[in-house]
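Accompanying notes for the structure given below.
There are 2 protein chains.
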Amino acid sequence: MGKKYVYFFGAGKAEGTGKMKDILGGKGAGLAEMTNIGLPVPAGFTISAEVCDYYYKNNRTYPEGLMEEVEANLKRLEEVTGKKFGDPSNPLLVSVRSGAAVSMPGMMDTILNLGINDEVVEGLAKLTNNPRFAYDAYRRFIQMFGDVVLGINKNEFEAVLEEKKKERGVQWDSELTVEDLKEIVKKFKEVYKKYGYEFPQDPRKQLDMAIEAVFKSWMNERAIKYREINDIKGLLGTAVNVVEMVFGNMGEDSGTGVGFTRNPNTGEKEFYAEFLPNAQGEDVVAGIRTPMKIDELKKRLPEVYDQLIKVAELLEKHYKDVQDIEFTVERGKLFLLQTRSAKRTGYAAVRIAVDMVKEGIITEKEAILRVQPSHLDQLLHPMIDPSEKYDDKVIAKGLPASPGAATGQVVFFAKDAEKWAKEGREVILLRPETSPEDIGGMHAAKGILTARGGLTSHAAVVARGMGKPCVVGCEDLIVDEEKKIAKTKDGKFTIKEGDWLTIDGKTGYVISGKLKLVKGEISGYFAEFMKWVDKYRKLGVRANAETPEDAKKAREFGAEGIGLARTEHMFFGPEKERILYFRSMIISDTYEERVKALNKLLEYQRKDFEELFEIMEGLPVTIRLLDPPLHEFLPHEEEQMKEVAKELGVPFEKIKERNEQLKEFNPMLGFRGCRLAIVYPEIYEMQVRAIFQAACNMKKKGKDVKLEVMIPIVAEVKEFAYLKKRLGQVAKEVMDKEGIQVDYKFGTMIEVPRAALTANEIAKEAEFFSFGTNDLTQMTFAFSRDDIGKFIGSYKSLNILEDDPFKTLDVKGVGQLIKIGIEKGRSVRPDLKVGICGEHGGDPASIMFCHKVRMDYVSASPFRVPIARLAAAQAAVLDEKGELPVD
Amino acid sequence: MGKKYVYFFGAGKAEGTGKMKDILGGKGAGLAEMTNIGLPVPAGFTISAEVCDYYYKNNRTYPEGLMEEVEANLKRLEEVTGKKFGDPSNPLLVSVRSGAAVSMPGMMDTILNLGINDEVVEGLAKLTNNPRFAYDAYRRFIQMFGDVVLGINKNEFEAVLEEKKKERGVQWDSELTVEDLKEIVKKFKEVYKKYGYEFPQDPRKQLDMAIEAVFKSWMNERAIKYREINDIKGLLGTAVNVVEMVFGNMGEDSGTGVGFTRNPNTGEKEFYAEFLPNAQGEDVVAGIRTPMKIDELKKRLPEVYDQLIKVAELLEKHYKDVQDIEFTVERGKLFLLQTRSAKRTGYAAVRIAVDMVKEGIITEKEAILRVQPSHLDQLLHPMIDPSEKYDDKVIAKGLPASPGAATGQVVFFAKDAEKWAKEGREVILLRPETSPEDIGGMHAAKGILTARGGLTSHAAVVARGMGKPCVVGCEDLIVDEEKKIAKTKDGKFTIKEGDWLTIDGKTGYVISGKLKLVKGEISGYFAEFMKWVDKYRKLGVRANAETPEDAKKAREFGAEGIGLARTEHMFFGPEKERILYFRSMIISDTYEERVKALNKLLEYQRKDFEELFEIMEGLPVTIRLLDPPLHEFLPHEEEQMKEVAKELGVPFEKIKERNEQLKEFNPMLGFRGCRLAIVYPEIYEMQVRAIFQAACNMKKKGKDVKLEVMIPIVAEVKEFAYLKKRLGQVAKEVMDKEGIQVDYKFGTMIEVPRAALTANEIAKEAEFFSFGTNDLTQMTFAFSRDDIGKFIGSYKSLNILEDDPFKTLDVKGVGQLIKIGIEKGRSVRPDLKVGICGEHGGDPASIMFCHKVRMDYVSASPFRVPIARLAAAQAAVLDEKGELPVD
């Protein structure tokens, strides 16, 4: 005999178990498990998802022997139920349902009441003594079979039904008589003929056709789309569940319902369910009748209600998690049709996890795995009020760059954002893309929307850093800055300055108008939960922050230091002089002029660092010296250039010329970071002077300063060694003068492939590594994070890339370089401190990898710190279990 | 006793040998070797270059015991010569000369006649019976010592001399009397005092000071500069040679000369030398007196002449190479002062190598190592006539991008270049930078000069491909296209349209005016030499070529196939429709419109490929499908956009909008190559259709076609697999229709780090790899080849990088990725064909590496094919000897 493809369940025993989701699907595994633990489940069998996999890999054919196996199981089902397929005197009816390992509600097909034909319907009528029920089931079956299996437009059937109701002058299906239904059945069969089909009278044939239809539905458009949107991948396909029908529509002692073992919105411990008497499950789904609160069942069938409560408790204890169940009552008898872990809000997830630990149902470690990192995201950001309906108001969709929703009036320039905000207005800053100059406006805005750029574009990175909702790369919009309007590509919608707009940084939706927002709350449950998280994680968690606000926020969110303070951000605010001095440094022609301008900046930088050291007292602070190319600090529009020329008191041509000189073909690969410092060492020397002066001043005040100075874009050890030597001298000079010894390290970003490849040389000089995975990903793939929008969509839909590598670390390529870097680095300096400060430092899947390669810490934007802490804890727990999901 | 630092030679025996250049320097090693083979060499000793190394590594101090060692050798020298240092009755005089392992003529210091003082001069006068000679030697020594050792401005001494001559009313030094000289010596001593010095009377003190002066001269400015310019690196420092003085100025039976054992310009076998009677070597160097042809020596001192000829023959046989010698005749006695391998022209190098094999002096393999790849470069390109003097006309210096010199009138636009060239004028195209649009103008120009861009910028790559002289990244120039002028940064020089300019693509010089050029010739010697080259090399050599002219040139130069045919170049000419159709494809909004435009292009492409297959018949042709981003094909200036809009019959706004849409932040990391093809597969499908149609047509004509289709910018195997599948279907379709089976392979460029890192996956699908080291270098370093000019100068002068990595392959980083790529690739496909098609494929040092990692072939621009063949042969020969210079 070959491979086993079909798994039977019934009469208190199942061949499958709850753990076999991969091949039985969630539904099949649930039915098997419930059968095994003695719950009332209708009998049936599950055809493995491996068949689906085979089907698509073998030109839509089945593995050999499958049909014989189905036949044998059908026999067994007949034995267990005592009914017979196609036997009018005691007919077996079945449902044929899809069910993949991951729930995809409503996306694939299901056929109910299968097994009825012209003879069986008569038998059923006699047997139930309810001809109306029998013919209603028959017409439903024909309709469903026609729609689902043969693809006949269901409106054709609806039209027949409507015509009959009109003819009979009634409003509801339930008002139709048996005779009406018989006629309808006849007409339905004619619809089949119109489409060139004959309704199959042979139940075996019905079954075979239904099974294949379910397999086919795995690849229907909406299922593919759903998997894409929800990032569901790696599944074999759908399983097919063939289950004895039970009927909730056999009268007032029958009914159907769905429920949660706890409240999935609040997490409160209460049975949270709805019930519809005398109905089949599909009636609930279709929303034709409004279900009742579960209390109604208690009144009507108290015994069934009690049994249901017990079942719920049993299931929750058994699965150690909140369950989402479906049940049917047939003539006073309870049947469970499905159980699965309940989807829940972030708030509920945390509360349930904490409560269950206290109730002794799960351990702390299990609780850690029970809350998804994205759940915490919900807790920390405002979202659109779930009661808002806005499907028809979505005008565009971009990349979801920074979670949370925001609503405000549109402005097109950063300056306007600042101005309007000062006037007390709420604004959404809409830009083609943002640059460091826009920081002020981004700060002032409630949310940021850009037409271009990817998930690690400037706008995205900065917005996440600020914890501000942001949608980027919204290529549906064509922005005309001059006219202060943006049009959708299809020309249907125009956004003007001052228009109200709502953006959802979690979905990428851009919605016209002002929607109501609600803020998720954090509470004692959160604090308690995070205590366990910190208890089990091995990775340190730091924050990327440079402003006092961000640093404070980071510490509040549990950051254990700063992993990346981007000094260039400090040149943009708050005082206007900062950028002025920096710009006058840029346009200087001589070393002396540059030093003069830099010395003016030094005061501001020192103040910045003093504040940072004070806030992060006792924790390490990694300060990255200037990174971006200089042209990013000059304006590029003629108007603005003229303004700057005026401010600096130099001719406009001077600014234009310098801009021209600094222009680069590929700025990302250009004159930046340590390269700038090697040509103009005075820039880093000023920064290091400011840093050490600040550190000395803080130490004088008795503050504990742990300083890490980081040099970016190193590709060759000699770059680092040269600068370390020069900057070390400056540091020594300051410390000698102040008579104070600062606890400091010099280290480097590893963000260029060559740095990873030559890490054994670099680590001889550098005392710590911080993987800058944004740049490292760019170089490893040769993908510009700002330009990837032009093709990443096609790549994902063609399955060429499973993830956007700027969102989730590419373990195979970039990860390989990281591994090489860490191994080579530690081969010469075993105590080398290693962290990550790219955007991936806040991405749960990437954090698993960081744990695996034994980094010391991850660093994420302040708002992602709790998420990173949780992901790090999950990595540790999974690692202990040998289940770390990274190859 | 410690390490040995001093090596003695004299009396027919030397402690050193000719192989010890590293520590004895070229001069010291030559003296030792000549002594050992019995030639007449004055005795002396060499202080090792290791002392120089120590000196600079230890704060300008000597290793312990050095002075004792010098003392001992001085004693020995006295014994061997029978003279005594400082002894007026029989004084030993010495020269103290620099000499590093690599010749740096005139860059470091030398002191002659050392050992004279007030007493010794008198003794010398008596001993030689020639007081004039003695005092002349004394005044020369004081002058030289003051200048070289103490840094006293030599004009001070010259002034004394001139004054005396004026006073005496004579023109020549030689007209001065002994009394005059005595007075001059007195006045020279006063000059010393004026500078706060006392002339040291103690010869030992003179010696110590002179030795240190020579060591110091290793780090004088001009020596540092010379090493930088000539790319001399990795040396320990200079050695110091202390050698008994012999005097060519002791009368008419004395003299001095220099010579070559063969003609270094033509390679002809003749003793090629000059001689100056009654003179010291410095007189020859100073150019005060014009030397005579060597025949004069034959007349004057026939025995010495015969001895010299024998010595020359002996030296050549001994060193197995042409020697450049210095000699002195002291009273009829010949002394050899120096021998070294002679510098020679490319033409001479080849001829000498061939002749020496025929004469049985060297083997074919040795001959291969004797010709430098750059020698061949000289043979193939025109150069500035060596008789031209133009030092004062050099107005700027850029990067030497493509060898050869060119002269012409300046134009600022490609179109003007074409127009002027049609009118029969010779033009130099001067652009800020070039783009594919400029190809026509580049072709029409004699040479290309750009203000921006690196050695692998568009201008550089294309010019090399065309074998056209080119200077790029000439940042000294500020180009104002609008006004059609270019200014030097210092404002001193303005180039206007129509001005004559000469550029030297070998040095990077930009010279005002029209200089005379000469063309190197190739001859039978070249052909014979290249036969040996091909006999020994292991690497295949192909060419990067796509035009029929280039392909023909490549085959003529010995290319064994095409390693890279860049199909995008074909869209730019010769017919105007090509670019028109391609542009209309770009601005199309629908698949149908795109296909329509592409189908028009197909005809042209097919014709291109047919030609290519015909020219390269029997040899493999690797065709790379479209690589650059689409915006490179659209104009970016408003004027030109309007023109194109008119040509295409679309509104200007359409062009502008598409330009805006296609704009990229970092085009190098953008929407190009296979990424474009995945989103718009129709582009590659057209190209593949054209390729296979062309191949079938050629096969019908009985031509042997060996096709390799190459997909660029692959970062992930799924990109390649997806396209291979789609394109394979197109290929099959064409072949099925034509009923012809083409011999073809699908392969990929490895130019993205991730491709190298995942080569084991990619090689499962790809049948060949071609390393695109231009891009791979960009990504590995995160250096934009077009922007590197802003810092590469500082990097090289600070010794952070030894070479421009775009010129010479970075073995440590990029090479590591290549090794990983080859190993991983061959681990799954042992017969994987591997080549390189970046610019490094034509760079000799990089070719050594390609040989080492066992590539199958290198591919270079046609003009570099002979160079690549030679480098490949040298790699094979060196490998056999275990001397491959790659770690």
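Here the protein sequences come in this chain order: B and F.
If you read the first sequence in this note's numbering, its first letter stands for residue 1, the second for the next number, and so on.
If you read the second sequence in this note's numbering, its first letter stands for residue 888, the second for the next number, and so on.
Cβ coordinates follow ideal geometry from the N, Cα and C atoms, glycine included.
Source: prediction; values computed, not measured.
Annotation for R1559(F): D1514, P1515, P1516, I1600 place their beta carbon closer than 7 Å to its own, counting only its chain and skipping 5 residues before and after. Where G1634(F) is concerned, the enclosing beta strand (DSSP E) starts and stops at 1630–1637. The criterion of a C-beta distance shorter than 8 Å is satisfied by M779(B) and M1666(F). Judged by pairs of C-beta atoms under 8 Å, the stretch 938–945 of chain F touches the stretch 1095–1114 of chain F, as three or more such pairs exist. Residue environment for Y347(B): buried (at least 16 other C-beta atoms within 10 angstroms of its C-beta). Sequence-distant Cβ neighbours of V1007(F) in its own chain, meaning closer than 6 Å and more than five residues away, are P975, P978. E1213(F): member of the beta strand (DSSP E) spanning 1210–1217, first to last residue. Along the stretch 1645–1656 of chain F, going in chain order, the ones with a CB nearer than 9 Å to a CB of chain B are T1645, E1648. Relative to V1420(F), the option among P929(F), G1708(F), Q1259(F) whose CA is nearest is Q1259(F).
Non-local beta-carbon contacts of V41(B) in its own chain, meaning distances under 6 Å to residues more than five positions away in sequence, involve L31, M34, T35, L336 in chain order.
Interface flag for Q729(B) against chain F is unset, since no Cβ pair is found closer than 8 Å.
Residues of chain B whose Cβ lies closer than 9 Å to the Cβ of T1667(F) are, in chain order, A715, V752, P753, R754, L757, M779. Around I1565(F), the beta-carbon contacts reaching into chain B at under 8 Å are F791, S794, Y795, L798, I800. Within the stretch 1413–1443 of chain F, the complete alpha helix (DSSP H) segments at least 4 residues long are 1435–1443, listed from N- to C-terminus. As for any beta strand (DSSP E) of minimum length 3 sitting wholly inside the stretch 902–960 of chain F, the runs are 931–934, ordered along the chain. Contact between the stretch 1591–1607 of chain F and the stretch 1627–1635 of chain F is present, with at least three C-beta pairs closer than 8 Å. A buried status is given to H1262(F), since no fewer than 16 other beta-carbon atoms sit within 10 Å of its beta-carbon. Scanning chain B for C-beta atoms nearer than 7 Å to the C-beta of S1671(F) yields E664, F665, N666, L669, G670, reported in chain order. Counting the other CB atoms within 10 Å of its CB gives N278(B) a total of 16 or more, which places it among the buried residues.
Per DSSP, L1685(F) has no beta-bridge partner at all.
Chain B has a Cβ within less than 8 Å of the Cβ of E1606(F).
The beta carbons of H851(B) and A875(B) sit about 4 Å from each other, so the pair counts as a contact at 8 Å. Taking H636(B) as reference, the option from G251(B), Q323(B), E252(B), S435(B) with the minimal CA-CA separation is S435(B). Considering only D231(B), G10(B), A554(B), the residue with the shortest C-alpha distance to A565(B) is A554(B).
Judged by beta-carbon spacing, S1344(F) lies beyond the 8 Å limit of R1109(F), meaning their Cβ atoms are not closer than that value.
Leaving aside the five residues that flank A930(F) on each side, the residues in its chain whose CB is nearer than 7 Å to its CB run, in chain order, F896, G897, A898, L964, V967, T968, E1131.
With fewer than 16 other Cβ atoms inside 10 Å of its own Cβ, E1085(F) counts as exposed. Assignment of beta-bridge partners to G1392(F) by DSSP yields no partner. Apart from sequence neighbours up to five positions away, the residues of its chain that approach V394(B) with a beta-carbon distance below 6 Å are Y509, I511, ordered along the chain. When the Cα atoms are used, E765(B) and F1670(F) turn out to be separated by approximately 22 Å. If you compare the alpha carbons of D1005(F), L1094(F), P992(F) with that of I1111(F), the shortest gap goes to P992(F). The residue among V70(B), Y62(B), A100(B), A353(B) with its C-alpha nearest the C-alpha of A29(B) is A100(B).
When the Cα atoms are used, F1158(F) and D1386(F) turn out to be separated by approximately 45 Å. Residues of chain F with a Cβ closer than 7 Å to the Cβ of G813(B) are, in chain order, R1641, L1644, T1645. The C-beta of K1720(F) has 16 or more other C-beta atoms within 10 Å across all chains shown, which makes the residue buried. In the DSSP annotation of this structure, C837(B) is not part of any alpha helix (DSSP H), being labelled neither H nor E.
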